[in-house]
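Going by the working numbering, the sequence shown opens with residue 183, and the numbers climb by one from there.
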Amino acid sequence: MTHPTMDRNRKWMPGFGAVLLMLFSHMTSALEVPLDLPQPPTITLQSPKDYIFDPRENIVIHCEAKGKPNPSFSWTRNGTHFDVEKDSKVLMKPGSGTLVIDISGEKAEAYEGTYQCTAHNEHGTAVSNNIVIRQSRSPLWSKERNEAITVQMGVSLVLQCRPPAGLPPPVIFWMDNNFQRLLLDERVSQALNGDLYFSNVLPEDTRSDYICYARFPHTQTIQQKQPISVTVLDMETMNETVAALYNFTDFYSGDPVGERRPGFMLPLGPTSTKMVLRGETLELECIAEGLPTPEISWQKDGGELPSSRMSFHNFKKMLKISDVNEADAGDYRCAAKNNLGIAHHIIKVTVKAAPFWVSAPRNLILAPNETGILTCRVNGDPKPKIRWFVNGVPIENAPEDPSRKVEDDTVILNNVQSGSSAVYQCNASNEFGYLMANAFVNVLAEPPRVLTPPNQVYQVITNNPALLHCSSFGSPIPTITWFKDSQTSIKNGDPYVIHENGTLEIHVAQPLNSGKYTCIATNNLGIKENHVFLEVKEPTRILKQPEYKVVQRGMSAMFECKVKHDPSLIPTMTWLKDSGELPDDERFEVDADSLTIKDVTKEDEGTYTCIMNTTLDQDSASAMLTVVEKPDPPTDLELTDQTERSVQLSWIPGDEHNSPTQKFLIQYEDLLHQPGVWINLTEVGGTSTTAQLNLSPYVYYSFRVLALNRVGYSNPSQPSRQYRTNPAAPDENPSDVQGVGTEPGNLVISWTPLTGFQSNGPGLEYIVQWRQKDMDEDWSSKNVANVSQFVVSGTPTFVPYEIKVQALNDYGSGPEPEVVIGYSGEDLPLAAPDSVQVMVHNSTLAEVHWQPVSSPSLRGKLQGYKVYYRRERGLHETEEETDQQEQVLMFSGNRSEGRLPGLQPYSLYNLFIRVLNNKGEGPPSPSQTFETPEGVPGPPSFLNVINPSLDSLTLEWGPPMKSNGRLAGYTLKYQPVNNTNELGPVKVMTFLANETTITLGNLNSSMLYKFYLSAKTNKGSGPMITEEAFTIMDTTVPSRQVDIATQGWFIGLMCAIALLILVLLIVCFIKRNKGGKYPVKEKEDAHQDPEIQPMKEDDGTFGEYSDTEDHKPLKGSRTPSNGTVRRDESDDSLVDYGEGGDGQFNEDGSFIGQYSGKKEKDTHEGNESSEAPSPVNAMNSFV
């Protein structure tokens, strides 16, 4: 039976010069026999079948082989033994069959021939391919004289190259005397044979230096053909004298040539044939002539062109199909078409095949008495002939072996025995080439061995395939079994696949697949195991990808690239710009998860890619950076379509710099009136390049344009040429015309004058007109210049006038002006308001009424009325107060009443009223007095607690600052507050107005009392003031902490503990008297008190006692153990006790609300009891 094989893909890198000769022949990978075991030779390196050498360098023919024992090497040349030792120029490398032939000073031709290498040891003989050695050649161009070519314009032309035959063939190209390549296009083509084709010639094709060059790659030499001269003539303009200078042997076509149908120059005729070998590249070309130049197209009759392997070259005149197969045979049609017609050419393609492997023979390792098969399956066209060799000898000439049977492409070996090892060669050939392969048969009896290194760690990314190798060797072939974590047997099937070579594959690896894997190789001679480890890692993922950035030049751009990866893998962040490295510029700052580009320039534009690499995987993301800046200024300003009042301005936009132009701003400069000042004229859209501009007369215009994009405005364009408009009459009159009197008897007419731009011409003046309204008078008029106001004197006081102001220049007057109403100057009012009356609503609000002043007496525009009022005194006072401020209230507009808020109750007030216009106030009205009724009093001025004792307190207070009436007396309410902030019953006491002190007796000792005091008049009680005090003679407020020693529950608990201790002592005493031992430590460990910490192991002391619950304030506690009283436990405001400033009482006098004073927070916290140590497992892990 055959041994399973291991296929390996090898990637060869191309080199230069002689290294190109060191190509490996195609060999089939097979199971490797460890080199410490006996084995026949195996060719490992040989030169290519066709070896063209450079005569300036040594010839190196490679032949390397391995085997046990090491093989010896010999060579044949041209079929006969090549005695290497007899030729001093030939050296065979030690331990190798590689020949190095020194051809310096020798004729290199002497070593041309067909070489074959043989590697031999006691177990067999391997042979190499036949290696044909040939010398590279670069012959000179044969001497020739090229006649000058004269050709009529429009005809076709072929310039032949005919390079010398070289080995290998040369590369052809056409150049001129200056070594500039000739331009190839649809009309001018270079064929595969090197000839230069012109589909039709033009006068510019005339030149005397058409030179064909041949470059020979091996010798790196270039040969050149003699220059060819071509002259193209236009026959329609030639006269007969010029035509006679040219004889008919040098002249291409004597007939005038015009447009013509296409025809084919290459290949000739309607059809041609092409043969190509399988696997090579098919090159088909069609070059056509015609005028106009024809276009070439391709198709395959009865089939499709293979788009994945097809490409067009030479302006579609060449079709290339790579890696040809049998399906590519057929008829290929090229068509040449111009406007006069179409021509076709069919190329019949046949595909042949040199021998190619279907299944090459592979090495066999057989145990004694086993059976094996060697197969040599090849294909080709024509069908290859297969011949078998044994140790380099034709199998029919080899010693007979009864265990061997040959059937065409198969050799069957039955019941092999030790000592029957050999190397078999399979040679398959046809007229296009041959294939030859060595395959040894090695008869061994060998116990298993695992070739994969032990304890190898494989790391893969989650959801990727995992391959765990178990490369083994043995004869008979070992059987491979796998185990996971030394326990679970792994069978073929999801998610596992065990390959023939022993490799274990996990299709989609998951974290649960991590662990230890064991492979066991077994045959009848022994068993061998090997351990490997699999680690499945989290994939690397970019969580936040860089985003597309549009950044203004000079600003900073930052790309973020935040990544998640397996913590056990070391990540490497790489940034690329346009798939290359970042510029070596300090402006580029790379941080852990970002790239910052400072002071961005136009050159920084591009695609930025962050790549996060680990040893196992990578992830990448890209984003574009677009750099924008303000646009370049427009250019080439031009004025067209000029009229008296308009002109068209056009321009060429500047570079937008990646930000589309939003609009264009057109500005003008008035060189006549405001030189140097640019004024905005109009705007147009960003896609416009013209603007129709409306102009004014008598302006010397110069225009410029600015472009705006999202970055900002461009610099202004260069100014346009100057454009002057002719003068005309004004188009408008002055604006903001007003008539206002500044003093009695005048009227000031003012306006905003026209600018020089608005004047429309020289000699600007203003016609000022006025007349009194509704008087049916003629207009008074006055012409003025260079002013913006005119004063009319002798006017009546505050009467309306009609006013007009019209512009005038040397070319006429402006449009008819609008009439504006103005008023002459005002004077102080003559009269005061009449019938002043006051209505008092309550103790703080009154309402005043009056008769408005008539318009003639007002003598101006009414602004409003001012009410002046002042408190004279309180009604219970005998003398006026001198420090009262007079108060003023302004009532705007035509009013006849107003309200006076904020009055003091129980007071005498005086008031008068004045009318007000723009000139000032009129005379006062007669004074009026009024009185306000009583109100509730203000709070008592103070409330103090004095002389506290164990059961009494003395209160004293002061009368209100504002009694607001006749004081009737005081109301005192008080109530106790216990240690839980609960309020006791309210007691109420009343006092006369002249009483300001009271001593309260029969109070509880050490008790907090809250006091509320208010004053009252006949209108009712005013706001309260509060105070609180304790009934002990101390300066601080007592603490409300509970005295635990006085609590009943605590006394009961202590009694229970004492009783329990007594019982335990009695039991201990009885035990001792009976001779028993009491296991105190065991009992303590088994029944630990949760509030008592164990003894500390380091110093033998006990831990702190923990009583977190008992440290809270107990209900009813008042004084801490140290006897101090904390003052900050109470405040003088009901707000702190949940009542705010609006404390109220029920009708029966009880206080509403729950007393909620601040609770003291205990700052001591008990220590938590220690935890018992956790047990330790006896066994840490299993192997």
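All C-beta atoms in this analysis are idealised placements derived from N, C-alpha and C, irrespective of residue type, glycine included.
Spatial distance of residue i from residue j (CA atoms)
i, j, result
"Leu649", "Gly684", "10 Å"
"Asp265", "Leu227", "21 Å"
"Val690", "His651", "16 Å"
"Phe494", "Leu501", "5 Å"
"Glu984", "Gly994", "24 Å"
"Phe467", "Ser541", "Looking at the sequence provided, one finds Glu at residue 467 rather than Phe. The alpha-carbon atoms of Glu467 and Ser541 are separated by roughly 36 Å."
"Ala742", "Ser804", "In the sequence as presented, Ala is not what sits at residue 742; that position holds Glu. Rounded to the nearest angstrom, the two C-alpha atoms are 10 Å apart."
"Tyr882", "Phe939", "10 Å"
"Ser671", "Pro677", "13 Å"
"Arg491", "Arg259", "41 Å"
"Lys271", "Ile283", "6 Å"
"Asn1375", "Arg586", "Because the chain is modelled from 183 through 1365, residue 1375 falls outside the range shown and cannot be assessed."
"Leu1241", "Thr1172", "58 Å"
"Ser761", "Thr789", "8 Å"
"Lys964", "Ala1028", "56 Å"
"Asn1160", "Met1236", "27 Å"
"Glu1177", "Pro1015", "50 Å"
"Gly996", "Ser878", "14 Å"
"Trp1231", "Ala1238", "11 Å"
"Glu914", "Phe972", "19 Å"
"Val506", "Lys499", "19 Å"
"Gly675", "Lys666", "15 Å"
"Ser1017", "Asn1076", "16 Å"
"Asn520", "Gln334", "20 Å"
Buried versus exposed call for residue i [16 or more other C-beta atoms within 10 Å across all chains shown]
i, result
"Thr300", "buried"
"Ser1039", "exposed"
"Leu1246", "exposed"
"Ile292", "Looking at the sequence shown, residue 292 is not Ile but Ala. Counting Cβ neighbours within 10 Å, Ala292 comes out exposed, since fewer than 16 surround it."
"Lys673", "exposed"
"Glu1329", "Because Glu1329 carries a pLDDT of 36, less than 50, the predicted location of this residue cannot be relied on, and no value is offered for it."
"Thr224", "buried"
"Pro1122", "buried"
"Cys245", "buried"
"Ser1187", "exposed"
"Arg460", "buried"
"Glu811", "buried"
"Ala347", "exposed"
Any non-hydrogen atom of the ligand PLP closer than 7 Å to residue i Cβ
i, result
"Leu415", "Among the components modelled here there is no ligand, and therefore nothing to report on the ligand PLP."
8 Å Cβ cutoff met for residue i and residue j
i, j, result
"Glu1008", "Gly923", "yes"
"Pro901", "Pro916", "no"
"Thr979", "Pro1034", "no"
"Pro1106", "Phe1094", "yes"
"Val642", "Val718", "yes"
"Ser899", "Pro813", "no"
Residues bridged to residue i (per DSSP)
i, result
"Ile1243", "Looking at the DSSP assignment, Ile1243 forms no beta bridge with any residue, so it has no partner."
"Phe361", "DSSP lists no partner for Phe361."
"Thr778", "Met740 and Glu771"
"Arg259", "Thr262 and Tyr297"
"Trp757", "Cys792"
"Tyr1156", "Lys1169 and Phe1193"
Cutoff 8 Å: residue i Cβ touching any chain D Cβ
i, result
"Ser1187", "Among the chains of the structure shown, chain D does not appear; only one protein chain is present."
Tell me the start and end of each unbroken beta strand (DSSP E) in the segment 582-668 that is at least 3 residues and wholly inside, in chain order.
Whole beta strand (DSSP E) segments, 3+ residues: 586-589, 592-595, 604-612, 615-625, 628-632, 638-643, 648-650, 654-657 and 661-666.
At which residue ranges does the segment 880-952 contain complete alpha helix (DSSP H) runs of 4 or more residues, listed in the order of the chain?
Segments of the alpha helix (DSSP H) lying fully in the segment 880-952: 938-941.
Of all the beta strand (DSSP E) runs that stay within the bounds of the segment 996-1039, which reach a length of 3 or more residues?
Within the segment 996-1039, the complete beta strand (DSSP E) runs of at least 3 residues are 1002-1005, 1016-1022 and 1028-1033.
Scan the segment 1054-1105 and note each continuous beta strand (DSSP E) run of 3 residues or more that stays entirely inside, going in chain order.
The segment 1054-1105 contains, as complete beta strand (DSSP E) runs of 3+ residues, the segments 1069-1074, 1079-1082 and 1089-1099 (chain order).
Just to confirm the assignment: which complete beta strand (DSSP E) runs, minimum length 3, are found wholly within the segment 341-416?
353-357, 370-372, 378-380, 389-398, 403-406 and 410-415, all fully within the segment 341-416.
Along the chain, which unbroken stretches of the beta strand (DSSP E) at least 3 residues long are found entirely within the segment 293-335?
DSSP assignment within the segment 293-335 yields the following whole beta strand (DSSP E) runs of 3 residues or more, N-terminal first: 295-303, 306-309, 313-317 and 331-334.
Just to confirm the assignment: which complete beta strand (DSSP E) runs, minimum length 3, are found wholly within the segment 800-835?
Entirely contained in the segment 800-835, the beta strand (DSSP E) runs reaching 3 residues are, in chain order, 800-810, 817-822 and 828-834.
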